[in-house]
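Take the sequence shown: its position 210, counted from the start at 1, is 242 in this note's numbering, and no numbers get skipped. Even for Gly, the Cβ is constructed at its ideal location relative to N, Cα and C. Structure first, then comments.
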Amino acid sequence: MNEEAQIHRKRGWVGTIVTLVILLLLGAFVWRVVFYTTQIRNGTLNLSDLNFSQTVSSLSKIVSEPVKDGTVDVVVNDRPMLGSRNAPVTIVEFADFGCPFSRTSSFVMRALAIKYPNQFAYIYRDFPLLELHPLAQKASEASACANAQGKFWEYHDKLYQNQDTLEEASFEQFANQLNLDTTHFHACLIAGTYTKQVEQDYADGLAAGVRGTPTFFINGNRIPGSIPQNILENVIWSMNDQKN
């Protein structure tokens with residue numbers, strides 16, 4: 033066998049090996065999606081099995097309350113929502129406007145909600161970690177004031193887009209940029225109109241086992257940490273297919 037033939041033979045083996053690796057990875061991915069979908073639907077998801085690419089931020093935020101097992105109802109009808117309440121999948125996210133992982137996951141959820149408006153309901157709830165992000169509580173209250181004027185999601189985007197440079201003056205600047213009634217917005221923020229609502233979200237999160245952000249509840253099943261978009265998207269579709 034000449035040198036050229038040997039080179040072609042080696043290239044052929046390399047191509048075969050690469051193809052096999054790709055097929056194995058694809059098979060593992062499909063199995064993972066099916067596995068998580070089944071576990072979520074049955075309410076038997078074992079959180080210790082999860083190993084997502086991004087971990088929960090602020091792991092130091094541990095409290096003494098025990099984590100609940102099984103599904104938990106964390107749906108609140110008067111919180112910001114995208115999608116359809118009649119969809120077979122409801123995803124509730126507890127997030128912190130100062131958390132970089134919340135920023136990433138919230139933009140993923142916004143994109144999916146726009147792409148699949150009838151396949152799932154997405155509800156946003158606040159879980160400000162003040163020890164790590166001192167402005168998080170006030171940011172949540174400001175977003176609620178914007179929500180009162182029908183501009184929650186626009187304000188939500190402003191907060192996350194400018195997360196690295198956020199300061200006290202930013203809240204009213206964003207209100208002005210979004211053409212809100214700044215007089216009403218200022219009064220709402222200064223009066224602490226939504227302080228108790230944000231505190232209630234935080235308390236509900238703790239009671240449901242939230243310890244860091246982001247934390248998701250998919251049909252009541254708690255999943256801490258950012259979920260890879262491809263897995264989340266396939267879970268949504270799989271659960272919709274099984275409903276039909």
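Counted within 10 angstroms of its Cβ, other Cβ atoms place residue i as buried (16 or more) or exposed
i, result
"residue 166", "exposed"
"residue 216", "exposed"
"residue 151", "buried"
"residue 213", "exposed"
"residue 117", "exposed"
"residue 34", "Residue placement at residue 34 is flagged as unreliable, the pLDDT there being 47, under the threshold of 50; a coordinate-derived value is accordingly withheld."
"residue 183", "buried"
"residue 277", "Residue coverage of the chain in this structure runs from 33 to 276, which leaves residue 277 outside it and unanswerable."
"residue 222", "exposed"
"residue 201", "exposed"
"residue 146", "exposed"
"residue 73", "Unreliable placement is indicated for residue 73, whose pLDDT of 43 sits below 50; no coordinate value is reported for it."
"residue 109", "exposed"
"residue 236", "buried"
"residue 190", "buried"
"residue 211", "exposed"
"residue 208", "exposed"
"residue 233", "buried"
"residue 194", "exposed"
"residue 85", "At residue 85 the pLDDT is 37, less than 50, meaning the model places this residue with poor confidence and gives no usable figure here."
Terminal residues of the beta strand (DSSP E) in which residue i lies
i, result
"residue 126", "121-127"
Beta-carbon proximity of residue i to residue j, cut-off 9 angstroms
i, j, result
"residue 169", "residue 124", "no"
"residue 156", "residue 111", "yes"
"residue 24", "residue 265", "Absent from the structure is residue 24, since the part of the chain shown begins at 33 and ends at 276."
"residue 129", "residue 198", "yes"
"residue 140", "residue 258", "yes"
"residue 203", "residue 171", "yes"
"residue 122", "residue 263", "no"
"residue 246", "residue 133", "yes"
"residue 114", "residue 268", "no"
"residue 159", "residue 248", "no"
"residue 142", "residue 188", "yes"
"residue 136", "residue 252", "no"
"residue 272", "residue 119", "yes"
"residue 106", "residue 240", "yes"
"residue 131", "residue 161", "yes"
"residue 186", "residue 178", "yes"
Continuous alpha helix (DSSP H) stretch holding residue i: start and end
i, result
"residue 116", "Segment: none, residue 116 is in no alpha helix (DSSP H) and carries neither H nor E."
"residue 136", "132-147"
Would you mind listing the beta strand (DSSP E) stretches within the stretch 234-258 that are 3+ residues and don't spill past its ends, in chain order?
Fully enclosed beta strand (DSSP E) runs of 3 or longer: 247-250, 253-256.
Ordered list of alpha helix (DSSP H) runs contained in the stretch 159-235, each at least 4 residues
Those alpha helix (DSSP H) runs which fall completely within the stretch 159-235 and span 4+ residues are 168-179, 184-193, 202-209, 214-223.
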